[in-house]
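In terms of numbering that gives the first Met the number 0, the sequence shown is numbered consecutively and its last residue is 347.
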Amino acid sequence: MSTISTSETLPSCLFGSSSFFSFFFVAEIKASWEEWWTYDGISGPAFWGLINPQWNMCNKGRRQSPINVEPEKLLFDPYLRSLHIDKHKISGTLHNTGQSLVFRVDKDTKQHVNISSGPLAYRYQFEEIYFHYGTDNNQGSEHHIHGYSFPGEIQLYGFNKELYHNMSEAQHKAQGIVGISLMLQIGDTPNPELRIITSAFNKVLYKGSSTPIRHISLRSLLPNTEQYMTYEGSTTHPGCWESAVWIILNKPIYITKQELYALRKLMQGSEQTPKAPLGNNARPLQALHHRTVRTNIDFANTGASKAQSCPTMYKDMYYKANRWTSEISARGRERGLPDVDSVFHSLP
0 MSTISTSETL PSCLFGSSSF FSFFFVAEIK ASWEEWWTYD GISGPAFWGL
50 INPQWNMCNK GRRQSPINVE PEKLLFDPYL RSLHIDKHKI SGTLHNTGQS
100 LVFRVDKDTK QHVNISSGPL AYRYQFEEIY FHYGTDNNQG SEHHIHGYSF
150 PGEIQLYGFN KELYHNMSEA QHKAQGIVGI SLMLQIGDTP NPELRIITSA
200 FNKVLYKGSS TPIRHISLRS LLPNTEQYMT YEGSTTHPGC WESAVWIILN
250 KPIYITKQEL YALRKLMQGS EQTPKAPLGN NARPLQALHH RTVRTNIDFA
300 NTGASKAQSC PTMYKDMYYK ANRWTSEISA RGRERGLPDV DSVFHSLP
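Below, the structure written as structure tokens:
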């Protein structure tokens, strides 16, 4: 847990003349940094870097997340491999933190799930799942595709187990974290593995509540695709550490309207003072700043044509978002968005 000195906290004039009061106020801040940020107001994203000096990357960083993925700027990389995730199941606990809904792997887990290959040069140990969603169907995801926001986004986090000992150490270091982004889309046939988690939503209605989740398969939670986009970025919550390799899968997973309604019933506060709904917990989009977003999507080279060509990273390859991402009507969104096979496809 982060701590800072009295001089780094706030100007002493804000505390009045009582040094006794100042001491205990600062001690309280030291003890509860995780509660001193939100997604709106004076403790929202624009102020994260000011609340805690150790989070200054939130305001000053040049490789921040999330981003808007622009199809015309994708760089095709034929050397990107398929992502690998261990198939065995894992258990953990689902927490309502007051800022987000978070699943964390049990600390006494004997057999961890590893994430490797894809754009990764190391093995990463899966640790957490973050849920980001909106209070309506028009917003929710942190990453955007061609300017379009999905109703929600699930982010899987793991740490580099080959170089670091745990998530706390890795999140500050180079190549420390992997973030896998799964876009949430409304559909009549939900992801079966996701249902294990959604069935527990009514047990984490208020801040501080938690419930065990047993035997979930991370691999089965992922959509059936090997296509993805990847870039170098940061965590999307404080302290916005620029240590993340992001992998955005080119297919959403599905959640029913009923499950999404149950998710939107979660509250930021306690049962006595519930405050506002937990939704709309997305950090605003961050500038790309000349970073490259690579992809392994190459529909133009399949079958016979693939055998006759040797694509390189410098091969001209252009993409466009599927029409529904930019042309969906407001009425269509209210009904729930249509089934799709992918986020991007290549131009003929």
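Cβ atoms here follow ideal geometry from the backbone N, Cα and C, with glycine treated the same way.
Output the distance between the C-alpha atoms of residue i and residue j, rounded to the nearest integer angstrom.
{"i": "leucine 248", "j": "asparagine 159", "result": "20 Å"}
{"i": "alanine 173", "j": "serine 81", "result": "22 Å"}
{"i": "aspartate 348", "j": "proline 150", "result": "Nothing about residue 348 can be read from this structure; the chain reaches only from 0 to 347."}
{"i": "proline 222", "j": "leucine 183", "result": "10 Å"}
{"i": "phenylalanine 130", "j": "proline 77", "result": "31 Å"}
{"i": "asparagine 190", "j": "leucine 220", "result": "7 Å"}
{"i": "leucine 49", "j": "glutamate 141", "result": "22 Å"}
{"i": "serine 233", "j": "tryptophan 47", "result": "14 Å"}
{"i": "arginine 290", "j": "serine 115", "result": "22 Å"}
{"i": "glutamate 270", "j": "leucine 204", "result": "8 Å"}
{"i": "isoleucine 296", "j": "threonine 272", "result": "48 Å"}
{"i": "serine 209", "j": "histidine 87", "result": "24 Å"}
{"i": "glycine 186", "j": "serine 198", "result": "16 Å"}
Need the endpoints of the alpha helix (DSSP H) that residue i sits in, please.
{"i": "methionine 266", "result": "Per DSSP, methionine 266 belongs to no alpha helix (DSSP H) and is neither H nor E."}
{"i": "glycine 48", "result": "47-50"}
{"i": "alanine 169", "result": "166-169"}
{"i": "glutamate 192", "result": "191-197"}
{"i": "asparagine 58", "result": "56-59"}
Since residue i contacts residue j with CB under 8 Å, what's their CB separation in whole angstroms?
{"i": "methionine 162", "j": "tyrosine 121", "result": "Checking the sequence shown, residue 162 turns out to be leucine, not methionine. Indeed, because the Cβ distance is near 6 Å, the residues count as touching under 8 Å."}
{"i": "histidine 145", "j": "glutamate 225", "result": "The pair is not a contact, with the Cβ atoms about 21 Å apart (cut-off 8 Å)."}
{"i": "methionine 266", "j": "lysine 256", "result": "Contact flag wrong, Cβ pair sits at about 20 Å."}
{"i": "leucine 262", "j": "phenylalanine 200", "result": "6 Å"}
{"i": "threonine 235", "j": "proline 65", "result": "6 Å"}
{"i": "valine 244", "j": "leucine 73", "result": "Incorrect: roughly 16 Å between the Cβ atoms, too far for contact."}
Taking the beta strand (DSSP E) that residue i belongs to, which residues open and close that run?
{"i": "arginine 290", "result": "Premise fails: arginine 290 is in no beta strand (DSSP E) and is neither H nor E."}
{"i": "proline 211", "result": "209-215"}
{"i": "glutamate 152", "result": "151-159"}
{"i": "arginine 103", "result": "100-104"}
{"i": "asparagine 201", "result": "Note, asparagine 201: premise wrong, no beta strand (DSSP E); not H, not E."}
{"i": "asparagine 113", "result": "113-116"}
{"i": "glutamate 126", "result": "123-132"}
Buried or exposed: residue i, going by 16 or more other Cβ atoms within 10 Å of its Cβ?
{"i": "lysine 202", "result": "exposed"}
{"i": "aspartate 39", "result": "exposed"}
{"i": "glycine 97", "result": "buried"}
{"i": "asparagine 280", "result": "buried"}
Would you kindly check if the distance between the Cβ of residue j and the Cβ of residue i is under 7 Å?
{"i": "glutamate 241", "j": "glycine 60", "result": "yes"}
{"i": "leucine 155", "j": "isoleucine 252", "result": "no"}
{"i": "alanine 169", "j": "glycine 178", "result": "no"}
{"i": "glutamine 285", "j": "glutamine 63", "result": "yes"}
{"i": "tryptophan 36", "j": "proline 237", "result": "yes"}
{"i": "glycine 133", "j": "lysine 206", "result": "no"}
{"i": "isoleucine 128", "j": "arginine 218", "result": "no"}
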